[in-house]
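Last residue of the sequence shown: 1035 in the working numbering, with the numbers rising by one and none dropped. Every residue gets a Cβ at the ideal spot worked out from N, C-alpha and C, and that includes glycine. Just so we're clear, the structure is a prediction, and the values are computed from it rather than from any experiment.
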Amino acid sequence: MYAKRMGELPPYLFARIDELKAAQIARGVDVIDFGVGDPDLPTPPHIVDALCQAAQDPRNHHYPSYAGLERYRVAVSGWYAARFGVKLDPKKEVLALMGSKDGIAHIPEAFINPGDYVLAPSPGYPVYRTSTLFAEGKIHEMRLLPERNFLPDFSAVPGDIVRKARLVFLNYPNNPTSAITLPGFFEEAVDFALDKDLIIIHDNAYSEIAYDGYQAPSFLSTRGAMEVSVEMHSLSKTYNMTGWRIGMACGNAEIVAGLSRVKTNVDSGVFDAVQHAAIAALSGPQDCVREACRIYEERRDALVSGLRSLGYIVSPPKATFYVWMPVDDCMQFAARLLNEAGIVVTPGIGFGNGGDGYVRFALTRSTERIREAIERLERLSP
């Protein structure tokens, strides 16, 4: 019944986690869920108010613009200029997305021919792989190793793979490792892309979730990046808007146009009222973002100190709301936590072979629930 490509398509990791969690809840277990990275904090009120007001306007009840409202694209370009010092042409270099996943899922269809390679981090966001499979491309996993600060080694990619490659996915701050880029790495990536005629897709969904004074850069602020790259960004994590489905693709005009051409054939854009709310988010006060980071930082400290007190080796992340922890057997560890302690974590193998031997905790539960989880872990038999 199904197409052949479906045989290569694994079940979506987080959908499977939801199924296992639901089974435990059905048994009456009080589950503490550190699995999916879905903020538990509410969307700030001024953004919700903007949506409500825009939704009452009949002019917003029709098909939206495929590219996104001009006002939204101008707001995005203004935010990029203020936040990163990156100048964008809102008419040619900004495209509205239904979340960054939308752009990541569709961009291989614009640039990948059957048999072409995509270079993707491992561990990495699962959609890098699945979007490549849908475009009938092949994935080459670039291993992210702790001794390299979870940065890929471009020189380790075999020459015959590089010659067949078209796209490179990068993601810093990184999901799932929470690693940040280091000075010189983005420049190295641009040089690699220019030398090998590659397109870089940088997933920057977590740039605003940062701690200890760290400020994540945009890949587009790197010299030469606008020649070879597009950056996918999202309001989901920054403003607690995962369910709203709003983001943006920014960068090289030709690459943006290719993605836009695919999207005009498969969707009808983002509801205008949601775009008006996004304008309020990007153009309004940012104290809500700082407050969210303060809360996540408190949770980070509680989780890291608690895990360390139990003998686990774990480092506090400087960005994202994930804690990436090495374990002996990630599947066995995750299953034991769920079945014996009612705690959901994500096994690293779900992010690719490079994630084997790790689990990911999402800081999307209150400090009180984190402390309760530590108590449950302490009660587990050795």
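Neighbour-count burial assignment, residue i, 16 or more Cβ in a 10 Å radius
i	result
Met885	buried
Asn857	buried
Gln928	buried
Asp742	exposed
Pro799	exposed
Tyr716	exposed
Leu1033	exposed
Tyr867	exposed
Arg914	exposed
Arg816	exposed
Thr1042	Because the chain is modelled from 654 through 1035, residue 1042 falls outside the range shown and cannot be assessed.
Met879	buried
Pro698	exposed
Ala734	exposed
Thr917	exposed
Ala931	buried
Leu662	exposed
Glu746	buried
Asp755	buried
Gly1003	buried
Gly738	exposed
His759	buried
Asp693	exposed
Val919	exposed
Secondary structure of residue i, DSSP reduced to three states
i	result
Gly900	strand
Pro979	strand
Lys674	helix
Leu990	helix
Thr999	strand
Phe1004	helix
Arg819	strand
Ala846	helix
Lys791	strand
Ser887	strand
Pro805	coil
Leu1016	coil
Ser874	helix
Asn893	coil
Arg1022	helix
Arg828	The question names Arg, but residue 828 is Asn in the sequence shown. The answer is coil: DSSP assigns Asn828 none of H, G, I, E or B.
Phe924	coil
Val810	coil
Thr696	coil
Lys1037	Missing from the structure shown is residue 1037; the chain here goes from 654 to 1035 and no further.
Pro663	coil
Asn918	helix
Ala869	coil
Gly911	helix
Gln985	helix
Leu835	coil
Ala668	helix
Asp702	helix
Ala858	coil
Nearest to residue i (by Cα), restricted to the options the options
i	options	result
Pro836	Ala869, Lys849 and Leu851	Ala869
Asp813	Phe822, Gly768 and Pro829	Gly768
Gly1008	Val881, Thr830 and Ala773	Thr830
Leu1030	Ala676, Ser962 and Ala1015	Ser962
Phe838	Ile852, Leu851 and Leu823	Leu823
Ile908	Leu748, Val739 and Ile678	Leu748
Arg736	Ala708, Ser860, Gly681 and Met751	Ser860
Gly688	Asn802, Gly756 and Glu672	Glu672
Leu873	Arg952, Gly904 and Leu851	Gly904
Asp642	Asn766, Lys890 and Glu841	In the structure as shown, the chain begins at 654 and stops at 1035. Residue 642 is therefore absent and cannot be evaluated.
Leu990	Cys705, Lys674 and Ala656	Lys674
Glu1021	Ser887, Gln706, Asp686 and Gly900	Asp686
Arg680	Ile852, Glu993, Leu888 and Ser808	Glu993
Gly896	Ser753, Phe787 and Ala863	Ser753
Ala842	Tyr892, Arg876 and Tyr864	Arg876
Strand pairing of residue i, partner residues [DSSP]
i	result
Ala972	Ala863
Leu1030	In the DSSP output, where bridge partners are listed per residue, Leu1030 has none listed.
Asp686	Val997
Tyr1011	Pro979
Ile853	Val821 and Ser882
Arg796	Ser775
Distance cut-off 7 Å: residue i Cβ against heavy atoms of the ligand SAM
i	result
Tyr1011	This structure lacks the ligand SAM; in fact it carries no ligand of any kind.
| task | Would you mind listing the beta strand (DSSP E) stretches within the segment 927-966 that are 3+ residues and don't spill past its ends, in chain order? | result | none
| Which runs of the beta strand (DSSP E) spanning at least 3 residues fall entirely within the segment 713-786, listed in chain order? | 747-750 and 770-775
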